Every structure is written in structure tokens, then in C-alpha cells.
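S.K.:
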Amino acid sequence: MERGNPETLQQPYDPNRVEGRWYALWEERGVFRPRPAPGEAFVVSIPPPNVTGSLTIGHLLGESVRDVVLRWQRMDGRETLYVPGTDHAGIATQNVVEKKLREEGRSRHDLGRESFLGEVWTWKEQYGGLILRQLRRFGISADWTRERFTLDAGYSRAVLHTFQRLYEKNLIYRGRYIVNWCPRCLTALSDEEVDHVDTAGSLWTLRYPLKDSKQFITVATTRPETMLGDTAVAVNPKDRRYARLVGRTAVLPLMRREIPIIADETVDPRFGTGAVKVTPAHDPNDFLIAQRHGLPEIVVMDEHGTMNDSAGDFRGLDRFEARRRVLDALRDAGYLEKSEPYTVPVGHCSRCDTVIEPYLSWQWFVRMAPLAAPAIEAARRGQVKFYPARWKKVYLNWLENIRDWCISRQLWWGHRIPVWYRGSEMTVSAERPAGEGWTQDEDVLDTWFSSWLWPFAILGWPDETEDLKRYYPNSLMVTAADIIFFWVARMVMAGLEFRGEVPFRHVYFTSILRDAEGRKFSKSLGNSPDPIEMMDRYGADAVRFTLIYLTPTGQDLLFDEKRLETGKFFANKVWNAARLVQMRLGDEDLAKVRESALVLTLADRWILSRLANAVKDVTRNLKTYRFNEAANAIYQFAWAEYCDWYLEMAKPRWAEDADPVDRRTARWVSWKVLDGILRLLHPFMPFVSEEIWQALPHEGETLALAAWPRAKRSWFDAEAERQVSYLQELVVAVRNLRAENKVGPGRLVPVVVRGGEAQLDLVERLADQIKPLARIESLTLARDGTRPRVAASAVVQGTEVFLPLEGLIDLEAERQRLAKETDRLLADLEGCRRKLRNQDFLAKARAEVVERERQRVAQLEETLEKVKRAQESLGAVRG
RNA sequence: GGGCGGAUAGCUCAGUUGGCAGAGCACCUGGAUCACAACCAGGGGGUCACAGGUUCAAGUCCUGUUCCGCCCACCA
């Protein structure tokens, strides 16, 4: 056993002095590496942060949750593994480096693909690891020897292997479709990467003249500039209004192009005019119509959103300028019938917020329906479970309506698509094919096409590594619900497809943190507190504890930095309790003391019982992912029970002249319970708990590997809890009488207690503990039933407590207080009696509930009687 | 258009099989008592959004309403 050094616990607690000290030791001792243990290992992985990212408060919440579970499981004897890493984040990273180049007056095209990628790698090496370095400071128990990057060599091999395998199964195809195109990032995006924002716009009604006629057919549109690419007008075949026009020809205004009027069932006769302009190259619906009817596709915009040569007079204009000009031209020529206000959901690039353009191009897609089916099954059967459970519905709804996934990106930074072309030949291969003349597909893969492999790619897949066998599936995924589609659902699909098993058994969704106004924390809003500053000011422990303590299960959390005081002050409280205990420990080696050599007092039995309760509570709440409840249970036990009551009751027993056995018992129990608190606290506050634990008697190298406490059956003691709660009420009553009568704590008071034999015996036994707690000078047991003539009084569980302070108490105030108390008692009593008069209640409520009500009435009556007598006796005194 | 969540003390939120409404912060009173003023002791403060219903009993279960918030959706 190592002895604690009293010098180490200085006041007040300074996290900055302590927190730097333990991480290196934990790492050095391999605490964070898996330690073989029987049973299934507990495995989690980081949702890999973007290499461009900086640490946010949201990351810290996720890390806190993960680390709490990990450290708890590790202490509980499980083999644990936490794999850290980062995501190459294709668009985000390329944007950052391109921006840097732009500031230097260069573009990626000046550099060329190879040297641009060189620049990105250099940038990545320099800044890419920042978040992970910051997370060490946060104390996360990650196995850094297994750190991964989604673009490292092994991971890349997994990604390309995946592509090949899905291609061979005909689950990947190349096709020419309308995709979401960002004219600023110059790449296609998946549907999930587009944010729709309801925007006030207009619905314009246009007149298209019929060929060889003075008549028009009118169409409605929200995007008039696309009319330049119209190749038809469509109506519903059942729409009698237009039946005679189907088959005729309209003349496209401004372009003078003759276009057919066709019938298609997808046209809604009730919307607009019932006739729709068809722009196959710029609208996904129109594209489908065009395919069914063999219409030509005319692209009128280039990849920058600029009108091209097919746009006639409007060539060279930006798309929004073109809209204005087209409207002007239509209006001038009499083709604009009307415009009405209309709200349009406008798609924006989730990366740069540019308005998305539907764009016709060749892209690679994953056929999702066959992958979704098993993922749906897995959730339905409970092979993967969600916490909170309601997310299952969201997950299922998405998978049941899934659409094919556009995975090609017109970027350079990422996994280059392993497809090679030579003339009309095409082959899929991770390596350059043998022979001359092969060129590789220019595009890279969507970042999420690598992330979805994370739970097994980090373990060495596609090789059948030992890690893969032992640590797949992972146990738990902790993440925010905003990436349930991007990532969670896709991981389940990938896991089932490539490993035949779900990637993790449980998914826990953390709260989304918002500022005081309820806005999401974001860099662009500038409302995000700096996590590093928070750690500097409050300590990593405090941040961890507070976030966990505050986070409601499955609800968003309004966060204010000041709340971190909760954790900071709590750390200080535990620290000071430890100082007290340490100072009074004496020389004896407490870890070697036998419990049989101790004589437990009521207070000892009580606190051990409460500890057993706390252990049960914390553990149960951890098991059910009610982290805030778990934190709350420790907080309450440590502060409101151990510090506020037990330590205060133990103080006199530590005195030099105290009974040696009792002193030793008090020392042992106070140490033992503190040790239990530290163990329970360690997952939440690893640094301060380790620091204290090391300074106290302990066995083992580190608290991180000490055993999670078990609730000892023999420690539960209902009788002790009952008696101490009486004691507490008694003390509180005396304190209350003192306060009401303005008797300062400096003045010791005499107290008289009147009551039944058993209770007086109990008070007598506890007198030595009660007296200092309530600042009592003399505690008189009125066994003969006499009562002080003039006194402030209160009733506690049937006993009367008197503060005989003739001349000192404020008689009028005391009378008022008693009157108020009487009113309260009468109201309560009436409520209870009403219940007991109710025959239905007596007949139908559970017997114990009725019995409880009866006892309550008896107690209230007794109390009322005593309060009345106090009033009478006070009334006899002239005040 | 569909789906989900929320409404409890001045604020932020707990309230896990229905059985006496809780915590932290803020507020008021008192306090340098030898672990802690980052503290201690005491206190005030609630029509549990609204309206119905089920039940002996509802913050809790059911229905509806009103406000917030979020997600999904190609009616141009």
C-alpha cells in the first residue's frame, strides 16, 4: 500500500495543477489499451471529427458520455477499447486548402492534382491532429496506438475494396442523372448534403403560344430562367381542359423553339394551371418525364451556374441575373401573365450554403434498396437498439424510403474512384491495370462512403485481423442524431453487407447543445464557447461532469458557460472533504483494518447503507444510459449526505480524547466511503478523483484500474436510515427554531426534548452527535413529561423539541409561526381524512397505500395536538 | 403534406411500474465554527400550457386544443 502525502492536497483545488499530471501515467501504464478479460469486450469508436474541425462543446459532450461508459466498464472488469481517429472530410478540407491558396493568389488548377494533394497532406499533418490532441487534455481513454484516419493506407484499401465488391454485385452503377450540384464547390452532392430552406419566392405564370394559333397554353414555374431549356409542355392525360391540345405544338417564347405538348400522369391538374413546362436538363421530375417521352435534354447552364451557349441571348449571365432578364423579356413580349407570392423550399449546399442547382451529369451511384432491407430488419428485430428509442422510427422511415446514393464527387481530396478507362473499355481495380493507355476516373468518393465502414475498417478489415475478430461488432455508438442518415444508418447497412453483422449493438444519441437563445452552437454564428478556454477556467473534470449532469436524455440542452461552476465547485467540495479526512486519518494503515475490529455506530451504518444505495443508483442509471441521473446521484450522496451529515457527525469522534476503537472506526468508515465516492466519481471526473485517491491509502497503481464498487448487501440498513432521518429532522428543527428566533450560531442553546421512551433513548444515544450539529449546549430529556414554560417549539416525528429561551424569543413571531403551522397541518389533515372517508379509496387502493394514509392521519393529529399545546402555553405568557 | 419532441419555481431542467411536486442557479435572512466563502445554516417561491376523459387516485395514462422547436417530403 502506498501512503498518501498530506502535502499534495492544497487548498483550494486547482485543476490546472492536477490535470496535466495523470494522462501520461495512464498512457504509460497502458490503461487505455485493451486488457484481456473474460467475456465480450466493450468497444466504442470516435465519430471521426473532420481534420479541418476544431473542438466544439458538442464534441466534449459526446466524449464525456463515451468516456464515462468506458471508464465505468473498465473498472467493472470488462476489456475495453476506444479507437480514436479523424475523417479526411473531402469537401471541407479541400475548401480550407483552396481558400488558403486563394489568399496566396493561387488556385488548385495552377498546382495540378498531384501537388495540390501534396499541399493538402502538408496542411493535414500540420493542423489535422488538433482535435485529438485537445481530447487528450480532456482525459478520454482512447487507445492511441490504434488511431486511424479515413485516408490512411489501410483504410483506403478498405474503401476501394468496398467499391469493387459493390460494383461486382451490381450495387454500384454509373449513370447520367440530375444530381444536386453546388456551383461553388463544383461537385455533385448527395441528397443528405442539401439543406432545404423555405424561401419567399414567386410563382410565375407564363404563356406559351400555340403554333399556328393566336392561343396560348399557360404554365406555372418558380424558376423562369430554366424555360430556356424547355423541350415540352406536359399536362395530365385525364385533364379534359387540355385534351384537345395534347399532340399539338407550342412555340417556346424567347427561344422560338417548337416544343410538343404531351400527356404525363405525374402532372397534377390542380396545381398552377395544370400544365407544366418540361426542362429535362434542369429538373429531376422533368428529366423523368423526358425519359418516358424521348424528349431532348438541353443544358442551358454550366457548372458555375452561368448560362451557356444554349441559353441564346442570355449566355454568360449568372443564373439569378438570368432569371431577372428572362422575366423582363417575357414581360416585355407579353408572355408573363402574372406572378404571385409563393414559398419555395430552396436547396443549399450544407458545406458552403450556396444555392444548389439540379444538374445533369454522369455520376456513380450506390443502389440502396438491397442494402437497406437488412438494416431495416436489424432494427426491427432489436439487433441494433436506439437510445432514446424514438429514433428507431426516424431511422426506419428513412431506410424505407431510401433513394440511390450519389457517391462521386468532382474533387481531388479523397479516395479516387478505382475505375479505369481505355477507349470504350472500363475496368474496376484498386491498382492501375496492366497495359498501356489506361486513365483513371477523375472523381473521388463521397467522404461518407469511407466513414460508413468505420466500425470495421478501423479494425483492419478487409483483412481478418485479430482485432476484427475480437472487437467487431462494437458495443456502443455515441453520436448526435443529426447524422443518423449520413452515418448511423449507413454504418448499419455497411456492417451487415460486409460483415454480416450489425456494427454496434446500441446507439446512444446525445443532446444537441444550444445557446441561451436556443440556437445551435456554430462557428458561423460565433456563439460557440471555446472548449479550451472552458477547460482552462473550470478544469476538464468540471466540464465533463457538468455536461453529463446537465444533459437531459434525448432532449436538447440550453447551455450557459456559467453552469460549469456546478462541476468546478463540486470538484472543490470533494477535494476539501478529502483534505479533512486525510488530516484525521492517523497513522494506522486503514486498508489493512479488519471490519470485525470495528464497532460501527448508527452514523456509520447509516452512511454505509447510503453508499450502498448510491452505488446501486449510479450503476443502474449508467446501465440505462441515464447519465444525468447517475451524476446527480453521486453529487447528492457526496455532498448532501457524506459531507453535510456524515463528516459532521464524525468530527467529534476523531478527537484525541475519543474512544480509540470508535476513533478508528470513524476513520475507517470515512475513508472507506470516500474511497467509494472516488470510484463512483472517476468516470465523470477522472483527474481529481485520481489525484485524491493517490493521496489516500489505496491499493493498486491507478484508480482507473480499481474495481467498480459493488453495493454490499450487508451494508443496506433500513433501521439506521430511519433513525438517522429522525436525527436529521430533529437537528433541522432546532436550527430552524434558532433561525426563526434570530439566535446566531455563536450562541449555544439549551434544548429540551419530550417524547416516548424509545425515542428519548435514541436521542440520548445520539446526544453527542446532535449537540454540535445544532449548536446545543445542553440536551435535556424530559422523561417526567414537564415542559419549559416559555419556549419556541417544534414537533418532530411525534417528539416535541423546545428551545427554552425566556426573554430571548420573539413571542409574537413564534405565535405567528405556530398559527401558520397549524393551518398547514389542518389542510393536510383534511386532505387525508377526505381520502379515508372515500369508500372507493378504501376498497380499491392497495392496502399499503391505505395504511400509509391512516398512519399519516394519526401522525398529523398527534403533531397538531402538540402544536396546539405549545400555542396554549405561549398564550398564557404575556409577551 | 407527413413525422417527432417540448410546455413543471424568476432561469435551466429532473421527476424511471399512477400514490405527500424536486435539484442547481437566482433571490431573502444569518454566519469568518478548527475541510471547504468555490462554504455553512435557515427561508420564500409552483392552478405541473389549456380543455375533456380513464382511475379510489393523474405532472405521470388517453383524446383534443394552443404555442415553441426539430426532422423528412421533386406538386412545377
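Per this note's numbering, the very first residue in the first sequence carries number 13; after that it's consecutive.
All C-beta atoms, glycine included, are put in the ideal place defined by N, C-alpha and C.
Just so we're clear, the structure is a prediction, and the values are computed from it rather than from any experiment.
1) When the distance is taken between beta carbons, is Pro800 closer than 9 Å to Val743?
2) What residues are listed by DSSP as bridge partners for Leu569?
3) What separation, rounded to the nearest whole angstrom, lies between the Cα atoms of Trp464 and Met503?
4) Classify Glu818: buried if its beta carbon has 16 or more other beta carbons within 10 angstroms, exposed otherwise.
5) Between which two residues does the beta strand (DSSP E) holding Gln375 run?
6) Does the beta-carbon distance from Arg575 to Thr558 come in below 9 Å?
7) Which ranges does the alpha helix (DSSP H) cover as unbroken runs of at least 4 residues, wholly within the segment 665-748, from first to last along the chain?
8) Using 10 angstroms around the beta-carbon of Thr875, count the other beta-carbons present and answer buried if the total reaches 16, otherwise exposed.
9) Would you kindly work out how many angstroms separate the C-alpha atoms of Tyr658 and Ala652, rounded to a whole number?
10) Rounding to the nearest angstrom, what Cα-Cα distance links Arg725 and Asp629 in this structure?
11) Within its chain, find whatever has a CB closer than 6 Å to the CB of Tyr3; leave out the 5 residues flanking it on each side and keep chain order.
12) Exposed or buried, Gln413, counting other C-beta atoms within 10 Å across all chains shown (16 or more means buried)?
13) Excluding sequence positions up to five away, which residues of its chain have a Cβ less than 8 Å from the Cβ of Ser322?
14) Where Glu860 and Leu848 are concerned, what is the direct C-alpha to C-alpha distance, given to the nearest angstrom?
15) Which residues share a DSSP beta bridge with Asp330?
16) When you compare each of Pro672, Pro698, Tyr654 to Trp683 by their alpha carbons, which one comes out closest?
17) Let me know the secondary structure DSSP gives His427 once reduced to three states.
18) Report yes if the C-beta distance between Arg149 and Val95 is below 9 Å; otherwise report no.
19) Please return the same chain residues whose Cβ sits closer than 8 Å to the Cβ of Ser66, not counting the five positions on each side in sequence.
20) Out of Phe699, Glu277, Asn107, Pro541, state which residue places its alpha-carbon closest to the alpha-carbon of Gly10.
21) Under a Cβ-count criterion, where at least 16 other Cβ atoms within 10 Å of its own Cβ denotes burial, should Gln781 be classed as buried or exposed?
22) Report yes or no: do three or more beta-carbon pairs, one from the segment 376-396 and one from the segment 509-528, lie closer than 8 Å?
23) Mapping DSSP to helix, strand and coil, what is Ser790?
24) Where DSSP assigns a beta bridge to His208, which residues make up the other side?
25) Can you name the start and end residues of the beta strand (DSSP E) that Lys11 belongs to?
26) Out of curiosity, what's the CA-to-CA distance linking Leu276 and Glu476?
27) Is the beta carbon of Leu372 less than 9 Å from the beta carbon of Ile388?
28) Which residues bound the alpha helix (DSSP H) around Val549?
29) Which residue wins for smallest C-alpha separation from Thr451, given the options Ala442, Leu457, Asp458, Thr459?
30) At what residues does the beta strand (DSSP E) containing Cys844 begin and finish?
31) Who are Asp99's beta bridge partners in DSSP?
32) Is any heavy atom of the ligand MG found at a distance shorter than 8 Å from the C-beta of Leu37?
33) Would you report the Cα separation of Gly507 and Val56, rounded to the nearest angstrom?
34) Could you say which of His208, Glu204, Ala232, Glu205 lies nearest to Trp216 if we only look at CA atoms?
35) Quick one: Cα of Asp671 to Cα of Trp84, how far?
36) From this set, Val378, Met546, Leu634, which residue's C-alpha is nearest Met505's C-alpha?
M.R.: Short version:
1) Within the first sequence, the letter at position 731 stands for residue 743. Within the first sequence, the letter at position 788 stands for residue 800. In this structure, Pro800 does not lie closer than 9 Å to Val743 by Cβ.
2) The residue given as residue 569 occupies position 557 in the first sequence. Paired residues: Leu525.
3) The count along the first sequence starts at 1 and reaches residue 464 at position 452. The count along the first sequence starts at 1 and reaches residue 503 at position 491. One C-alpha to the other measures close to 4 Å.
4) Here residue 818 refers to the residue found at position 806 when the first sequence is read from its first residue. Answer is exposed; the Cβ neighbour count stays below 16.
5) Counting from 1 along the first sequence, the entry for residue 375 is found at position 363. Gln375 -> beta strand (DSSP E) spans 369-378.
6) What you label residue 575 is simply residue 563 of the first sequence in a count that begins at 1. What you label residue 558 is simply residue 546 of the first sequence in a count that begins at 1. Yes, the Cβ-Cβ distance between Arg575 and Thr558 is below 9 Å.
7) 672-693, 698-707
8) Translated into the one-based positions of the first sequence, residue 875 becomes position 863. That one is buried.
9) Here residue 658 refers to the residue found at position 646 of the first sequence. Here residue 652 refers to the residue found at position 640 of the first sequence. The alpha-carbon atoms of Tyr658 and Ala652 are separated by roughly 9 Å.
10) Your numbering for residue 725 matches position 713 in the first sequence. Your numbering for residue 629 matches position 617 in the first sequence. For Arg725 and Asp629, the distance between alpha carbons rounds to 14 Å.
11) With the chain covering only 13 through 891, there is no way to say anything about residue 3.
12) The sequence position of residue 413 within the first sequence is 401, counting from 1. Before going further, note that residue 413 is Asn rather than Gln in the sequence given. Classification for Asn413: exposed.
13) Residue 322 sits at position 310 when you count from the first residue of the first sequence. Only Leu240, Gly241, Ile310, Val311, Val312 meet the Cβ criterion.
14) Looking up residue 860 in the first sequence gives position 848. Looking up residue 848 in the first sequence gives position 836. The alpha-carbon atoms of Glu860 and Leu848 are separated by roughly 13 Å.
15) Position 318 of the first sequence, counting from 1, holds the residue named residue 330. Note: Asp330 sits in a beta bridge opposite Thr318.
16) Counting from one through the first sequence, the residue named residue 683 turns up at place 671. Of the listed residues, the one whose Cα sits closest to Trp683 is Tyr654.
17) What you label residue 427 is simply residue 415 of the first sequence in a count that begins at 1. The answer is coil: DSSP assigns His427 none of H, G, I, E or B.
18) Locating residue 149 in the first sequence gives position 137, counting from the first residue. Locating residue 95 in the first sequence gives position 83, counting from the first residue. No, these two residues do not count as a Cβ contact at 9 Å.
19) If you number the first sequence from 1, residue 66 lands on position 54. If we look at Ser66 and ignore the five residues flanking it on each side, its Cβ neighbours are Leu142, Ile143, Lys535.
20) The chain is shown only over 13 to 891; residue 10 falls outside these bounds and no answer can be derived.
21) Here residue 781 is taken as the residue at index 769 of the first sequence, counted from 1. With 16 or more other Cβ atoms within 10 Å, it is buried.
22) yes
23) Locating residue 790 in the first sequence gives position 778, counting from the first residue. Ser790 falls in the strand class under three-state DSSP.
24) Within the first sequence, residue 208 is the residue found at index 196, counting from 1. Gly359.
25) Only positions 13 to 891 of the chain appear in the structure, and residue 11 is not among them; the question remains open.
26) Reading the first sequence from its first residue, position 264 is the one you call residue 276. Reading the first sequence from its first residue, position 464 is the one you call residue 476. Residue identity check: residue 276 is Asp in the sequence provided, not Leu. Looking at the two C-alpha atoms, the distance is approximately 53 Å.
27) Locating residue 372 in the first sequence gives position 360, where the first residue counts as 1. Locating residue 388 in the first sequence gives position 376, where the first residue counts as 1. No. Outside cutoff.
28) In the first sequence, the residue the question calls residue 549 occupies position 537. Just to set this straight, residue 549 is Arg in the shown sequence, not Val. Counting along the chain, the alpha helix (DSSP H) containing Arg549 begins and ends at 543-550.
29) The count along the first sequence starts at 1 and reaches residue 451 at position 439. If we check each option's Cα against that of Thr451, Ala442 comes out closest.
30) Counting from one through the first sequence, the residue named residue 844 turns up at place 832. Element bounds for Cys844: not the beta strand (DSSP E) but the alpha helix (DSSP H), 823-849.
31) Translated into the one-based positions of the first sequence, residue 99 becomes position 87. Asp99 is bridged to Asn62.
32) This structure lacks the ligand MG; in fact it carries no ligand of any kind.
33) One-based indexing of the first sequence puts residue 507 at position 495. One-based indexing of the first sequence puts residue 56 at position 44. Rounded to the nearest angstrom, the two C-alpha atoms are 15 Å apart.
34) Here residue 216 is taken as the residue at index 204 of the first sequence, counted from 1. For Trp216, the nearest C-alpha among the options comes from Ala232.
35) Locating residue 671 in the first sequence gives position 659, where the first residue counts as 1. Locating residue 84 in the first sequence gives position 72, where the first residue counts as 1. C-alpha separation (whole angstroms): 39 Å.
36) Stepping through the first sequence from its first residue, residue 505 is reached at position 493. The shortest Cα separation from Met505 among Val378, Met546, Leu634 belongs to Val378.
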